[in-house]
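Engineer:
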Amino acid sequence: MKRRFVVFSAVLAIAVILLSVFLANGLFTNPQQSREFYIGVEYAYADDTAQLKALVDKVKDYTNLFVIGSIAISFNRSALDESCDYITQSGLNLIVFFTGIDRYSNWTSSYTIRDWMADAQQRYGDKFLGIYKIDEPGGNQIDQGNSTIIHSAASYTQASESYVGNLTLMNNYYHPYTPRLFTADYALHWFDYKAGYSGVFAEFVGNESRQRIIAQTRGAATAFQRDWGVIINWKYNQPPHYLESGIELYSDLSLAYSAGAKYAIVFSYPNMTGSSYGILEDEHFTALQRFWSTLNSNPDSFGSNTAQVAYVVPKDYGFGFRSAGDSIWGLFPSDSLSAKIYGDVQTLTDRYGAAFDILYDEPEVAAQLLGNYSNVFYWNQSIT
Numbered sequence: 000m001k002r003r004f005v006v007f008s009a010v011l012a013i014a015v016i017l018l019s020v021f022l023a024n025g026l027f028t029n030p031q032q033s034r035e036f037y038i039g040v041e042y043a044y045a046d047d048t049a050q051l052k053a054l055v056d057k058v059k060d061y062t063n064l065f066v067i068g069s070i071a072i073s074f075n076r077s078a079l080d081e082s083c084d085y086i087t088q089s090g091l092n093l094i095v096f097f098t099g100i101d102r103y104s105n106w107t108s109s110y111t112i113r114d115w116m117a118d119a120q121q122r123y124g125d126k127f128l129g130i131y132k133i134d135e136p137g138g139n140q141i142d143q144g145n146s147t148i149i150h151s152a153a154s155y156t157q158a159s160e161s162y163v164g165n166l167t168l169m170n171n172y173y174h175p176y177t178p179r180l181f182t183a184d185y186a187l188h189w190f191d192y193k194a195g196y197s198g199v200f201a202e203f204v205g206n207e208s209r210q211r212i213i214a215q216t217r218g219a220a221t222a223f224q225r226d227w228g229v230i231i232n233w234k235y236n237q238p239p240h241y242l243e244s245g246i247e248l249y250s251d252l253s254l255a256y257s258a259g260a261k262y263a264i265v266f267s268y269p270n271m272t273g274s275s276y277g278i279l280e281d282e283h284f285t286a287l288q289r290f291w292s293t294l295n296s297n298p299d300s301f302g303s304n305t306a307q308v309a310y311v312v313p314k315d316y317g318f319g320f321r322s323a324g325d326s327i328w329g330l331f332p333s334d335s336l337s338a339k340i341y342g343d344v345q346t347l348t349d350r351y352g353a354a355f356d357i358l359y360d361e362p363e364v365a366a367q368l369l370g371n372y373s374n375v376f377y378w379n380q381s382i383t
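Here is the structure:
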C-alpha cells in the first residue's frame, strides 16, 4: 500500500509539473478573440437575386456582413424578402439600402419602408443591423451633385444649420423603425453625425488619403459617441480593373481595423464585367479570406492606430479637405484659412499617419474629450 501511494504521488507531481508547463506556453488557452467587427461586401446597382445569392455563397465563409445596395431589389418586396432570407440563413448580418420614400408607392409590389423595417426586426432579429439611407450626402453637397441638400446660404453657420436641419428631417422618419441608420461619405462626416446617423462609412476611393478620411470620420464618431466604418470603393474608372489590388485591399482592411473601425465593406458593381461577381476578382476574395483568417486567429498583428492627437478646425467650417482650393459647403470658394488647414492636415498625416482625429470647435469637443489626446492642435496655431 505504501509503495502504491509513493508511485501515485510521483505521478501526480509529474502531472502538475506538465500542466504548469502547458499553461505557461499557452497550450491550453482559448483562441484569441477579436472585438466586435463586421466585414463584408455590398451588392449594388443590379436586380438579379440569383446573382446576389451567388455572391453570398462565394463570401459567406469568410465574412459576416452583406449589404444590399440594389435599389431595384428594394423596389420589389418579394425579391427583397427572398434576398434577406437567403443572406441571414447563410449566417450573415444584413444592411439594406433604401432610396426616397415616395418611390415605393409607384410599383406593383408597393409597400412602406416603415412596415418592412418593423417586420425585418421581428424576422431577422439581431442580424438586421439597420438601413443605409441617402448615399454620400456630404459628398453631394461639397461637389453639388444630384442630391445636394442645400443650394444657397449667406454664411458658413447658415449652411451648417440648413444642412444638418434638412438632413435631420429626412432621417427622423426612419429612426423609430430601424436599429441603426447608416450612410457612406467622403466629406462633411461631422455634420452627417450631427444629423443623426448611427454610423458613417468613410469612403476609401481612388488615391485619396486613407489616413485623412479616417481622421475626419473617427473624430466625428468619437465626439458624438457613435460607430464608424469604411467602404472600399472605386480606384479606377475603366477596365480591366475597377477596385484596388488584392494586396492594397488587405492593407486597407488592416488599417481600418487597427484604427478602430467597427465595419469594413467592399463595394461591388455586378454588371461592369462579364464575371458573376462583378468588379470583385479572385485576388479580392483571396484578400478577404486572408483578412478573415487573421481577424479570427491573430488580430493583434494588425497593430494599433488609435488616435493620439486631435486637430481642431473652426465651427461650421464645411471644408472638403482634398486640396487647398477645395470648396466650403459646395457654396463658397476656399478662403484665407483653407491653405493652412489643408497644410496642417498634410503635416499631421505625415507625422502621425492614422493616429490623429479631426474635430470641430463646437460644444461636443469638451475638455473631457480633448483630455483623451496626448496633444491638441488648433487651426489658429502653428504645428511644431
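Each residue of the sequence shown is one higher than the one before, counting from 0 in numbering that gives the first Met the number 0. Note that the Cβ used here is the ideal one computed from N, Cα and C, for glycine as well.
Do V308 and W378 have their CB atoms nearer than 7 Å?
Structural biologist: No, they are not a contact pair.
Engineer: Within a Cβ cutoff of 6 Å, which residues of the same chain sit near F190, ignoring the five residues on either side of it in sequence?
Structural biologist: Contacts found: Y162, V163.
Engineer: Pick out the complete alpha helix (DSSP H) segments inside the stretch 51-138, 4 residues or longer, and give them in chain order.
Structural biologist: Taking only runs of at least 4 residues, the alpha helix (DSSP H) segments lying wholly in the stretch 51-138 are 70-74, 76-88, 112-123.
Engineer: Please work out which residues of its chain come closer than 7 Å, Cβ to Cβ, to T305, disregarding the five sequence neighbours upstream and downstream, and give them in chain order.
Structural biologist: Excluding positions up to five away in sequence, the list reads G259, A354.
Engineer: Looking only at its own chain, which residues have a Cβ that is under 8 Å from the Cβ of Y249, when we skip the five neighbours before and after it?
Structural biologist: Closer than 8 Å at Cβ, skipping near neighbours: A286, R289, F290.
Engineer: Spatial neighbours of R113 within its chain, please: CB distance less than 6 Å, with the 5 preceding and 5 following residues excluded, ordered by chain position.
Structural biologist: Correct list, in chain order: Y176.
Engineer: Since N145 is in the beta strand (DSSP E), which residue starts that stretch and which ends it?
Structural biologist: N145 -> no beta strand (DSSP E), and no H or E assigned at all.
Engineer: Check Q380 in the structure and name its three-state DSSP category.
Structural biologist: Correct three-state label for Q380: coil.
Engineer: If I measure Cβ to Cβ from E282 and keep anything under 6 Å in the same chain, skipping five residues before and after, which residues do I get?
Structural biologist: For E282, where only same-chain residues beyond five positions count, the Cβ hits under 6 Å are G245.
Engineer: Along the chain, where does the beta strand (DSSP E) containing F181 start, and where does it finish?
Structural biologist: Its beta strand (DSSP E) spans residues 180-184.
Engineer: Ignore the nearest five residues each way along the sequence and tell me which others in V364's own chain have a CB closer than 7 Å to its CB.
Structural biologist: Contacts found: A222, V311, L358.
Engineer: What first and last residue would you give for the beta strand (DSSP E) that runs through L386?
Structural biologist: The chain is shown only over 0 to 383; residue 386 falls outside these bounds and no answer can be derived.
Engineer: Excluding the five sequence neighbours on either side, which residues of its own chain have a C-beta within less than 7 Å of the C-beta of G90, listed in chain order?
Structural biologist: So the qualifying residues of the chain are K59.
Engineer: Going by DSSP, which residues form a beta bridge with D46?
Structural biologist: D46 pairs with nothing; no bridge assigned.
Engineer: Out of curiosity, what's the CA-to-CA distance linking Q32 and A183?
Structural biologist: Annotation note: pLDDT 48 at Q32 (below 50); position unreliable, no value reported.
Engineer: Since I264 is in the alpha helix (DSSP H), which residue starts that stretch and which ends it?
Structural biologist: Not the alpha helix (DSSP H): I264 falls in the beta strand (DSSP E), residues 262-267.
Engineer: Report the three-state DSSP secondary structure of F21 (helix, strand or coil).
Structural biologist: With a pLDDT of 40 at F21, under the threshold of 50, the modelled position of that residue is not reliable, and no figure is offered here.
Engineer: Please find out if some non-hydrogen atom of the ligand SAM comes closer than 6 Å to the beta-carbon of A43.
Structural biologist: The ligand SAM is not part of this structure, which contains no ligands at all.
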